[in-house]
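As structure tokens, the structure follows; a few thoughts come after it.
Number of protein chains: 2
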Amino acid sequence: MAGLGLALLLLGLVPAGAVWPQPQLVRESPGGGRCRLSPGRFRFGYARSSAVGPGCAVLDQAFRRYQRLLRDAGPRGPGEGPEAAAALPGEDTRPWEPLCAELLVSVATPHCDGFPDMDSVESYKLSTSEDLSLLSSESIWGALRGLETFSQLIWRDEDGTFYLNKTDIVDFPRFAHRGLLLDTSRHYLPVRAILETLVCAQDVMAYNKFNVFHWHIVDDPSFPYESAAFPELSRKGAYNPVTHVYTLNDVKLVIEYARLRGIRVISEFDTPGHTHSWGPGAPGLLTPCYAGSIPSGVHGPVNPILNTTYQFMTELFREVSTVFPDFYLHLGGDEVDFTCWRSNPEIQAFMQRMGFGQDYAKLESFYIQRLLDIISSYGKGYVVWQEVFDNGVKVKPDTIIHVWRENAGPYQQEVARVTKAGYRALLSAPWYLNRISYGQDWQTAYQVEPLEFEGSPEQKELVIGGEACMWGEYVDVTNLTPRLWPRAGAIAERLWSNKTVRDLQDAYRRLANFRCTLLRRGIQAQPLFTGYCDPEYSGF
Amino acid sequence: MAGLGLALLLLGLVPAGAVWPQPQLVRESPGGGRCRLSPGRFRFGYARSSAVGPGCAVLDQAFRRYQRLLRDAGPRGPGEGPEAAAALPGEDTRPWEPLCAELLVSVATPHCDGFPDMDSVESYKLSTSEDLSLLSSESIWGALRGLETFSQLIWRDEDGTFYLNKTDIVDFPRFAHRGLLLDTSRHYLPVRAILETLVCAQDVMAYNKFNVFHWHIVDDPSFPYESAAFPELSRKGAYNPVTHVYTLNDVKLVIEYARLRGIRVISEFDTPGHTHSWGPGAPGLLTPCYAGSIPSGVHGPVNPILNTTYQFMTELFREVSTVFPDFYLHLGGDEVDFTCWRSNPEIQAFMQRMGFGQDYAKLESFYIQRLLDIISSYGKGYVVWQEVFDNGVKVKPDTIIHVWRENAGPYQQEVARVTKAGYRALLSAPWYLNRISYGQDWQTAYQVEPLEFEGSPEQKELVIGGEACMWGEYVDVTNLTPRLWPRAGAIAERLWSNKTVRDLQDAYRRLANFRCTLLRRGIQAQPLFTGYCDPEYSGF
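So the protein sequences, as listed, match chains A and B. Each residue of the first sequence is one higher than the last, beginning at 1 in our numbering. Each residue of the second sequence is one higher than the last, beginning at 1001 in our numbering.
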């Protein structure tokens, strides 16, 4: 059996049960029963018991997606080209074996619209068997997770016949926030055109059961967000004001594409640092730095001492709060360089007046607190990078602190401090996927245990999850996808699966197999190590 | 002027002179003269003085290629889509500026056929001006290099007009052997299908003026070469005997594609180690390892004590010598693990008989020397990895020793030893591009100086060049191209340009610009750092 498993693995096939990320509970039928599956005739539908039915766009569209994946991206037998696949080989070649005909979905709560949020219930139960497979869930979001699992249970033997093993699955995520950060400032990632990087990423996120897309949309190098209130920001701050921007339509497209896959979109407009590209389109917003007693012509962080700054932020974030429907906004707040503030005589005078002495962290806090008040007034919650907490800024109790620093002592200690103070923590420090190294570095990311820090059970409850970060210094549309997948999959499993799912060899076997599934789905995912998939990647 | 240069660079445009790799001598016309260029009407042709003319396939086809690149891949102005490019904007928008109408090529020696070799003369002179530009060279191979340079001299202003600055170039390579190693055993790289990785790589090699493709075609994990003499080798040793093989036609396709671009193809069938995949298709070839007094079922390196081994090698390399026309074969000889040989009682007995004692390097030498004799009998020369030299194998004086080990002391000392012994050296130790790291690692590769070792001028003469190596453990069709380009370009310039061309800032500027040129030519080359190209990569 181990031998057969290996043979099937070498063919890019594995028997049922090899789902990524690993479900919480999988029980294959002891009798080892299985049914054939005819991709052309298999049907997805709603169970009678379901509180949602035809017309529920999220599920209607998901049924079509998975139908198409089954048809186009089923594992192929050796030596078959695309033509062979189009002819649906495997149909009725073994009429004596039972046929699995349909999957019925039953959702308990009658909600079809709206967006997933932090409290969405993503659990589901899946029971596959001859004739009828059943997927039941509390919400449509859980049904989406179950559909993905179902699609991964289907495998194909060497003759090209599709099979589904009789399997019972009970599944739910370990953490509520399972995110991926992409950075569209350091390099522009296209939404349309031939390579739809940003929307395509949502597909693969859903295959991995990620549920948060953290859109680090602007930063020092460029400002691609086309603001209705301040159109000059992208006109003067984007790499190219026509080709390298995200229009309101682009943003809406990404948000809707993500929603249909059960993915939240959290935008980040990072201030007061990381705002160099804001300067040209917002005169007076950034602090003029001084060389001695005269302005040097260079600008630093947002100028925190002017009322106009807060008027600007009020307008900008009014727009951002509307455009991005998620309850949370990511407000940044990391890496504020005090050099420029220190050089500016008006800022020095302000520090005097406020009694801040030489403590520029107090000035930063002053700015951030006013910004948080603005955001609160729009009824939004916020996520901030850890410095905001480290600098003692007074934040609302439900603020999420994003732990990212690797060189400021072990990140576990920071998680302990944050949760001890009663704040919720989001972990990214060990998951900077942009920091590549030679070899199987997915293993390091995989072996992280987010709750391994000194703290009470209540503190552990405050860790809401984590995010894989792909910062853009060295990444653009040419290399994002292979660098991201399947490496980010390691983090996806850590955030979804049971704490006990840690076996590296088993993970390797399943992740290598999942990589082949991604190739069949047209995703340019890179290899874990020596080996092959059948078929290999062949474009989209 | 620096400001203008920066602005043009930011637009993905740079004025003439920004050629990669940097030519030996570039002189822009002091008057700064330039002419407009109409991609649709520009003509490539032969000068009357040329010893070759129409019908010379290498140049006829090169003219067509560069004509197409001009038309399809000219830098575009901001905001233009593919449609705009098809309409050839820039035609006749400035009729008052002189038009450059044609490039005439003059080749001195009347040879049109055959293959480039180690002695091919690749120098050329290029003089561009209004009406007529002239490219003259000793051989067709030099003309190819000059055509590439010419194509990189063309730039475009913000209005979309193509320009060519009046420029005189005298150019020749610093080293004769400028290679790239690709490994098609650890992962299969397709020749056909949608992604023609192996042939596509030849295109980009030519853009970089590389002239040797080192095809590490088989190794432990798989044997994709379809041998006429021993078809079982790939039938049982390839990942898939139908989809993951190189047929004779595939190999011929690669060799001819490379030849037309002035690139030599050197095959490597590495023995006696790295041969695990040979075993299933060649019973008796590999050494049976022993566990105590009985065979363990595992096999080690090629069995060097059997006559059948040498009969096999005689047949296989007879075929390989014919299929691969280059004078040189790479015979491998690296990393032979003696454990299995030591365990085998028949090998022990043979060692006794031969008086080798316990020195298994002597057994390795015994094997390699017989193999070299076989190769010599076919009138071929050979390249071997450094261990063959290190182990004191007696090789022909014209053998090339390939220096690759990084952990056996500084590679400079090995180069010194090899050349002191009178052998030619080929450098790869500092150029393992598969070993990725975070950041701008192209700089490390760029800063290598191949002749920086202790030795006489005669020794320095023996360094024939180097090779960038992209081993395949973590690389397949999904990530090869972005991982290779433009990083390998750093090595291309080191091997082509003058020793004095070392300025990192200038190299960054030109390489970033060259990367944008590669994108326009449809090559998925990754960014060096934060920034953008216009247009970005948009598929092929």
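Note that beta-carbon positions come from the ideal geometry of N, C-alpha and C, so glycine has one too.
Delimiting residues of the beta strand (DSSP E) encompassing residue i
i, result
"V384 (chain A)", "G381 to W385"
"G1332 (chain B)", "Y1328 to G1332"
"W1215 (chain B)", "V1212 to H1216"
"L1132 (chain B)", "D1131 to S1137"
"Q1179 (chain B)", "Note that residue 1179 (chain B) is Gly in the sequence shown, not Gln. Where G1179 (chain B) is concerned, the enclosing beta strand (DSSP E) stretches over H1177 to D1183."
"S296 (chain A)", "I294 to V302"
Beta-carbon neighbours of residue i, restricted to chain B and to distances below 9 Å
i, result
"D534 (chain A)", "Y1239, N1240, T1243 and H1244"
Proximity test, Cβ basis, 8 Å: residue i and chain A
i, result
"Y1225 (chain B)", "no"
"H1187 (chain B)", "yes"
"E1083 (chain B)", "Confidence at E1083 (chain B) is low in this model, with a pLDDT of 34, below 50, so its placement is unreliable and the value that follows should be read with caution. Closer than 8 Å: no."
Chain A residues whose Cβ lies nearer than 7 Å to that of residue i
i, result
"R1435 (chain B)", "Y438"
"V1477 (chain B)", "E536 and Y537"
"P1190 (chain B)", "E536"
Min CB distance residue i to chain B below 8 Å
i, result
"A525 (chain A)", "yes"
"H276 (chain A)", "no"
"P482 (chain A)", "yes"
Contacts that residue i makes with chain B (C-beta to C-beta distance below 8 Å)
i, result
"F514 (chain A)", "Within chain B, no residue comes near F514 (chain A); the closest Cβ sits about 14 Å away, beyond 8 Å."
"L530 (chain A)", "According to the sequence displayed, residue 530 (chain A) carries Thr and not Leu. R1186, H1187, P1221, G1472 and E1473, listed in chain order."
Residue i versus residue j: straight-line alpha-carbon distance, rounded
i, j, result
"P173 (chain A)", "S1234 (chain B)", "45 Å"
"G1466 (chain B)", "Q1412 (chain B)", "13 Å"
"G1040 (chain B)", "Y1066 (chain B)", "12 Å"
"G1577 (chain B)", "S185 (chain A)", "Only positions 1001 to 1540 of chain B appear in the structure, and residue 1577 (chain B) is not among them; the question remains open."
"P1288 (chain B)", "H1276 (chain B)", "12 Å"
"Y1474 (chain B)", "E1458 (chain B)", "39 Å"
"Y246 (chain A)", "G422 (chain A)", "37 Å"
"L1198 (chain B)", "M1205 (chain B)", "11 Å"
"A425 (chain A)", "E319 (chain A)", "27 Å"
"Y508 (chain A)", "W485 (chain A)", "14 Å"
"Q1443 (chain B)", "W1431 (chain B)", "11 Å"
"R1487 (chain B)", "L1433 (chain B)", "8 Å"
"T1339 (chain B)", "R1405 (chain B)", "21 Å"
"V212 (chain A)", "T530 (chain A)", "32 Å"
"N303 (chain A)", "D334 (chain A)", "16 Å"
"H1244 (chain B)", "L1181 (chain B)", "19 Å"
"K1125 (chain B)", "S1151 (chain B)", "14 Å"
Own chain partners of residue i with C-beta closer than 6 Å, once the 5 adjacent residues on each side are dropped
i, result
"F115 (chain A)", "R259 and P325"
"I255 (chain A)", "V265"
"F552 (chain A)", "Since the first residue of chain A shown is 1 and the last is 540, residue 552 (chain A) is not available in this structure."
Sequence-distant residues of its chain with Cβ nearer than 7 Å to residue i (five each side left out)
i, result
"A51 (chain A)", "V107, A108, T109 and P110"
"L1059 (chain B)", "V1052, V1105, I1140 and A1143"
"V1393 (chain B)", "S1365, I1368 and Q1369"
"A1062 (chain B)", "L1144 and L1147"
"T1399 (chain B)", "Y1382, V1384 and Y1423"
Chain B contact residues for residue i, given Cβ-Cβ distances below 7 Å
i, result
"P54 (chain A)", "By Cβ distance, chain B contributes nothing, its closest Cβ being about 36 Å from P54 (chain A), past 7 Å."
Own chain, CB closer than 8 Å to residue i, minus 5 neighbours either side, in chain order
i, result
"P1482 (chain B)", "Q1524, A1525 and Q1526"
"P410 (chain A)", "none"
"Q1447 (chain B)", "R1502 and L1504"
"A282 (chain A)", "F230, E232, L233 and F312"
"V1403 (chain B)", "Q1386, Y1411, E1414, V1415, V1418, A1425, L1426, L1427, S1428 and A1429"
Alpha helix (DSSP H) segment containing residue i, residue limits
i, result
"T1197 (chain B)", "T1197 to Y1207"
"T149 (chain A)", "I140 to L153"
"I1347 (chain B)", "P1345 to M1354"
"D1506 (chain B)", "L1504 to R1520"
"G489 (chain A)", "R487 to W496"
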